[in-house]
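Visitor:
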Amino acid sequence: MTRSILKLSEVIKIHHGWPFKSEYFSEEQNGNPVVVNIGNFRYDGGFRFETTKIKEYTGQYPKEYELIPSDILLVMTCQTAGGEILGIPGRIPDDGRKYLHNQRLGKVEVLRSDLIDKSYLYWLFLSKDFNNFLFQSASGTKILHTAPTRIEEYTTSFPKIEVQKQIGNILDSLNAKIEINRRMIETLEQMALTLYKHWFVEFGPFQEEEFHEIEEVGTIPACFEVTNIGSAVKVLGGGTPSTKVNEYWENGEINWFSPTDLTSSKTLFVNKSAKKITEMGLNESSAKMFPAYSVMMTSRATIGVIAINQEPAATNQGFIILIPNERYSAWYLFLWLKFNMEKIRSISNGSTFLEVNRSNFKALPILNSERVQEFNKKVEPLFAQIKLLTNEIETLMNTRDYLLPRLLSGEIELKAAEEQVEEVLSVG
1 MTRSILKLSE VIKIHHGWPF KSEYFSEEQN GNPVVVNIGN FRYDGGFRFE
51 TTKIKEYTGQ YPKEYELIPS DILLVMTCQT AGGEILGIPG RIPDDGRKYL
101 HNQRLGKVEV LRSDLIDKSY LYWLFLSKDF NNFLFQSASG TKILHTAPTR
151 IEEYTTSFPK IEVQKQIGNI LDSLNAKIEI NRRMIETLEQ MALTLYKHWF
201 VEFGPFQEEE FHEIEEVGTI PACFEVTNIG SAVKVLGGGT PSTKVNEYWE
251 NGEINWFSPT DLTSSKTLFV NKSAKKITEM GLNESSAKMF PAYSVMMTSR
301 ATIGVIAINQ EPAATNQGFI ILIPNERYSA WYLFLWLKFN MEKIRSISNG
351 STFLEVNRSN FKALPILNSE RVQEFNKKVE PLFAQIKLLT NEIETLMNTR
401 DYLLPRLLSG EIELKAAEEQ VEEVLSVG
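Oh and the sequence shown: position 233 is 233 in full-length UniProt numbering, straight run, nothing missing.
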């Protein structure tokens with residue numbers, strides 16, 4: 001396969017964003033332009049506007065910082081020492097909203113469309129080689145920075161433009177299916193939340209029954225009592241084995257989740273953790289093993305990210321873990337957490353960073369009734385579908401991540417890659 005060595009400065013130009021003034025930011029959704037922030041990016045590329053904080057802009061700004069659909073932005077600042085999201089790209093969606101080019105993000109302008117395909121370029125930006133290049137040349141220690149000139153210095157080999165387009169199409173087809181699944185999951189979660197609200201906030205199914213006043217929660221149907229979450233289910237915390245003892249970590253097989261595992265995956269169901277610990281590490285620390293389909297909630301700094309583990313696991317100390325039982329299913333506990341998140345955050349405290357104290361958490365009120373089990377049966381099919389779609393996403397992402405470096409390097413034939421993609425797409 002014929003390839004050409006090119007420096008990015010020969011085919012693209014990276015533009016700085018504009019420093020939008022914070023006094024004109026608004027979290028209200030009134031149809032004003034949206035300022036794109038680093039927090040809106042996915043760790044594996046693309047945007048997650050639907051699950052992150054969106055800030056509209058109500059002030060004046062130069063019109064050249066308005067973005068159009070398919071514009072590519074690159075992250076130029078990373079707040080972790082490993083530089084994981086340095087250079088991560090996102091493509092502006094065609095969703096009817098107007099987006100603005102913020103500072104610390106680089107906008108890609110293609111100068112030679114005869115030499116470089118924009119979709120291929122997007123996937124090139126997701127390569128480990130590109131990320132490593134930016135990491136090695138970044139300035140700063142705790143917060144890493146790159147710049148347009150550094151990005152433009154990146155040099156690599158490119159296949160012919162026709163091959164680039166084929167590669168872009170192959171990887172885009174996987175990404176499109178991933179996005180479809182993600183939107184379906186959002187819809188299913190919203191359906192479950194709506195059903196929970198109907199049952200346990202509006203008490204729709206119980207309007208014919210008598211109601212009584214309970215101090216902690218207000219007026220509720222007489223068929224419900226109130227207990228606290230610490231009495232309703234088992235509530236655990238986590239811990240971290242000493243990193244100085246290799247035997248606690250080396251060849252570990254026990255999933256050990258940190259908040260980063262949850263914030264990076266952004267999925268309700270999680271399988272594997274980035275780090276694993278050994279049986280010795282578990283026994284010699286305050287980490288606790290809990291069963292599959294427990295409910296994990298981050299309780300320190302970033303409070304309120306929730307996930308359900310599909311395999312037995314442990315966590316570090318930045319979690320509160322709820323163990324489901326016959327009455328309180330994982331689905332009910334997830335929805336209870338969602339609806340009580342404002343109250344949970346209100347009991348957090350701390351000077352260096354906010355943290356939810358487990359004792360205070362265990363005192364939070366929760367409804368108790370046999371009717372809870374009826375509800376469990378109604379929402380279980382929704383969560384079964386969410387789990388299925390989540391596992392499909394994992395398979396699609398694994399296929400994409402396997403093919404990406406091999407397609408970029410020419411290690412795999414296009415026909416073989418297309419057949420592999422067709423096979424995985426046919427399963428869903």
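Note that beta-carbon positions come from the ideal geometry of N, C-alpha and C, so glycine has one too.
1. Take the Cβ of His212 as the centre, count every other Cβ of all protein chains shown within 10 Å, and call the residue buried at 16 or more, exposed below.
2. Taking only three categories from DSSP, how would you classify Arg3?
3. When we look at the beta-carbon of Val201 and count the other beta-carbons within 10 Å, is it buried (16 or more) or exposed?
4. Where Val295 and Lys244 are concerned, what is the direct C-alpha to C-alpha distance, given to the nearest angstrom?
5. Taking 6 Å as the limit between beta carbons, can you name the residues of its chain near Tyr120, skipping five residues before and five after?
6. What's the call for Asn30, buried or exposed, on a 16-neighbour Cβ count within 10 Å?
7. What does the alpha-carbon distance come out to for the pair residue 431 and Lys98?
8. Relative to the alpha-carbon of Gly59, which residue among Ile214, Arg183 and Lys21 has its alpha-carbon at the smallest distance?
9. Could you name the residues of the same chain whose beta carbon sits closer than 8 Å to that of Ile68, not counting the 5 residues immediately before and after it, in chain order?
10. Using 10 angstroms around the beta-carbon of Leu171, count the other beta-carbons present and answer buried if the total reaches 16, otherwise exposed.
11. What separation, rounded to the nearest whole angstrom, lies between the Cα atoms of Ile178 and Leu396?
12. Can you list, in chain order, the residues of its chain whose CB lies under 8 Å from that of Leu333, leaving out five sequence neighbours each side?
13. Have a look at Leu408, Phe224 and Ser346 and flag the residue whose alpha-carbon is nearest the alpha-carbon of Glu370.
14. Tell me, which residues are paired with Trp18 by DSSP?
15. Three Cβ pairs or more, each shorter than 8 Å: is that satisfied between the region 383-397 and the region 262-278?
16. What does the alpha-carbon distance come out to for the pair Phe339 and His198?
17. Under the rule that 16 or more other beta-carbon atoms within 10 Å means buried, what is Tyr154, buried or exposed?
18. So, with DSSP's three-state summary, where would you put Phe41?
19. Look up Asn255 in the DSSP assignment and give the residues it is bridged to.
20. What does DSSP give as the partner residue(s) for Met289 in the beta ladder?
21. Using CA coordinates, which residue listed in Asp44, Gly106 and Ile85 is at the minimum distance from Leu73?
22. Of the residues Thr298, Met280 and Ser273, which one's Cα is nearest the Cα of Ala313?
23. So Phe334 is in the alpha helix (DSSP H); what residue range does that whole segment cover?
24. So, are the CB atoms of Ala363 and Gly230 less than 8 Å apart?
25. So what does DSSP say about Thr219, is it helix, strand or coil?
26. Closer than 8 Å, CB to CB, is Leu124 near chain D or not?
27. Output the distance between the C-alpha atoms of Val217 and Gln207, rounded to the nearest integer angstrom.
28. Name the one or two DSSP bridge partners that Pro365 has.
29. Under 8 Å Cβ to Cβ from Asn368, same chain only, skipping five residues before and after it: list those, please.
30. Roughly how many whole angstroms lie between the Cα atoms of Thr52 and Thr2?
31. By how many angstroms is the C-alpha of Asn132 removed from the C-alpha of Asp117?
32. How is the alpha helix (DSSP H) around Gly382 delimited, first residue to last?
33. Leaving out five residues before and five after Leu174 in sequence, what residues of the same chain have Cβ atoms less than 7 Å from its Cβ?
34. Quick one: residues in its chain with C-beta nearer than 7 Å to the C-beta of Ser348, no 5 flanking neighbours on either side, listed in chain order?
35. Contact defined as beta carbons within less than 8 Å: I believe His16 pairs with Pro148. What is the distance between those atoms, to the nearest angstrom?
36. Measure the Cβ-Cβ separation of Ile151 and Gly87 and say whether it is below 8 Å.
Guide: Once the coordinates are examined:
1. exposed
2. strand
3. exposed
4. 29 Å
5. Gln164, Ile167 and Gly168
6. exposed
7. With the chain covering only 1 through 428, there is no way to say anything about residue 431.
8. Lys21
9. Ile92
10. buried
11. 7 Å
12. Val233, Val295, Leu322 and Pro324
13. Phe224
14. Asn102
15. yes
16. 12 Å
17. buried
18. strand
19. Lys276 and Ala313
20. Met289 is not bridged to any residue.
21. Gly106
22. Ser273
23. Ala330 to Phe339
24. yes
25. strand
26. Absent from the structure: chain D. Only one protein chain is present.
27. 17 Å
28. Asn228
29. Phe224, Glu225, Val226, Thr227, Ala232 and Arg327
30. 42 Å
31. 22 Å
32. This sequence places Leu at residue 382; Gly is not what is there. Counting along the chain, the alpha helix (DSSP H) containing Leu382 begins and ends at Arg371 to Ser409.
33. Leu396, Thr399, Arg400 and Val421
34. Ile303, Leu354, Glu355 and Val356
35. 6 Å
36. yes
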